[in-house]
Amino acid sequence: MSDFRQDFLKFALEQNVLKFGEFTTKAGRQSPYFFNAGLFNDGASTLQLARFYAQAIIESKIEFDMLFGPAYKGIILAAATAMMLAEKGVNVPFAYNRKEAKDHGEGGVLVGAPLKGRVLIIDDVISAGTSVRESVRLIEAEGATPAAVAIALDRMEKGTGELSAVQEVERQYGLPVVAIANLDDLFTLLQNNAEFGGFLEPVKAYRERYGVSADDSR
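Letter by letter, the sequence shown follows residues 1274 to 1491 of my numbering.
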């Protein structure tokens, strides 16, 4: 049986969403790899991405009643993932928010199904955690319960302190974070594929300098 996490990373490479080289992150760090989920920007790639989200969510065994996609990237991710979950026999409603409240028609900032029960937040990555904070606030204001967060890639990288942004979210809100793949999976990809061998040592050095262990937040 194939490892869907490795399949996802190979797919991201094919789509140029994942690249190896020399890149400067928002934190000013020199990174040997770059991941831009915004480049999943056509029907076929978005469909395949949603399949990976659905598989990661189902295998996580997280209990949830609906999906929520924070504007803007989360909107298409929530809609597409809801469709792929339905294909797998898990039919759940979804909702998303507007950046600015609508003052006519139905009004408000929320679109889609009413926020009820256990809500799974879907986004591309967690950087500063701002999107998660806003989502949690909106969900709780409607009387619903944040259940978890699903993202595409967990860089497992220290933020301003010793924890990663993902670990900070897990600790602050008590929310599990489900990632399709993480930095450990990326390292495995490099170890097992000779064509990327030249990037193994740079990624290893980067992980040793900035990385966190999957157990650091426990």
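Even glycine gets a Cβ: it sits at the ideal position worked out from N, Cα and C.
Being a predicted model, the structure only gives us computed values, none of them experimental.
At which residues does the alpha helix (DSSP H) containing residue i begin and terminate?
i: SER1333; result: 1316 to 1333
i: VAL1485; result: Unbroken run through VAL1485: none, as it is neither H nor E.
i: LEU1282; result: 1277 to 1287
i: GLU1443; result: 1438 to 1446
In this structure, does DSSP put residue i in helix, strand or coil?
i: GLY1385; result: strand
i: ASN1313; result: According to the sequence as given, residue 1313 is Phe; it is not Asn. Correct three-state label for PHE1313: coil.
i: VAL1422; result: strand
i: ALA1417; result: coil
i: SER1400; result: coil
i: ALA1368; result: strand
i: ASP1338; result: coil
i: GLU1430; result: strand
i: LYS1477; result: helix
i: VAL1409; result: helix
i: GLY1362; result: coil
i: ASN1465; result: helix
i: ALA1353; result: helix
i: GLY1471; result: helix
Kindly identify the DSSP beta-bridge partner or partners of residue i.
i: TYR1345; result: Note: TYR1345 sits in no beta bridge, so no partner.
i: PHE1307; result: LYS1292
Beta strand (DSSP E) containing residue i: first to last residue?
i: ALA1452; result: 1450 to 1455
i: ILE1394; result: 1391 to 1395
i: GLU1295; result: 1291 to 1297
What's the call for residue i, buried or exposed, on a 16-neighbour Cβ count within 10 Å?
i: ASP1397; result: buried
i: VAL1485; result: buried
i: PHE1284; result: buried
i: ASP1315; result: exposed
i: GLU1443; result: buried
i: ASP1276; result: exposed
i: VAL1363; result: exposed
i: GLN1445; result: exposed
i: PRO1419; result: buried
i: GLN1464; result: exposed
Any heavy atom of the ligand ADP closer than 8 angstroms to the CB of residue i?
i: TYR1483; result: The ligand ADP is not part of this structure, which contains no ligands at all.
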